[in-house]
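Trainee:
As structure tokens, this is what we get:
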């Protein structure tokens, strides 16, 4: 069920990137796509009844730990996603100042 939601979010983001002509909508589509991938990584690392992988005693060593690697990947992906979103929005603002529009088709026409 949740994997299906991740797939739906992925395709919504992909649709926004491929078929929208507004740079802001493209940036929103990219964010949705990134969130879908982060959700997928978090779901891969989830274990029902799992505990944090911190061993404090001998009896804790036999506990059912969750995998910490997907959590680390999600944290890294969040930081990278923030950087790419900021760069894309800065690019969109710069293009707006030059062409006075966010529409990609209009930019192509004005470019000559």
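In the working numbering, the protein residues as written are 75 to 186.
Don't be surprised by glycine CBs; every beta carbon is placed ideally from N, CA and C.
Here the structure is a predicted model, which means the values were calculated and not measured.
Less than 8 angstroms separating the beta-carbons of residue 115 and residue 127?
Mentor: In this structure, residue 127 does not lie closer than 8 angstroms to residue 115 by Cβ.
Trainee: To the nearest angstrom, how far is it from the Cα of residue 197 to the Cα of residue 165?
Mentor: Nothing can be reported for residue 197: it is not among the residues displayed for the chain, which extend from 75 to 186.
Trainee: Using the Cβ count rule (16 or more neighbours within 10 Å means buried), how would you classify residue 146?
Mentor: Looking at its Cβ environment, which holds fewer than 16 other Cβ atoms inside 10 Å, residue 146 is exposed.
Trainee: Closer than 7 angstroms by C-beta to residue 102: which residues in its own chain qualify, once you throw out the five before and the five after it? Chain order, please.
Mentor: Cβ neighbours of residue 102 beyond the five flanking positions: 90.
Trainee: For residue 100, does the count of other Cβ atoms within 10 angstroms reach 16, so buried, or fall short, so exposed?
Mentor: Burial call: buried.
Trainee: Mind checking who residue 139 pairs with in its DSSP beta bridge?
Mentor: Paired residues: 125.
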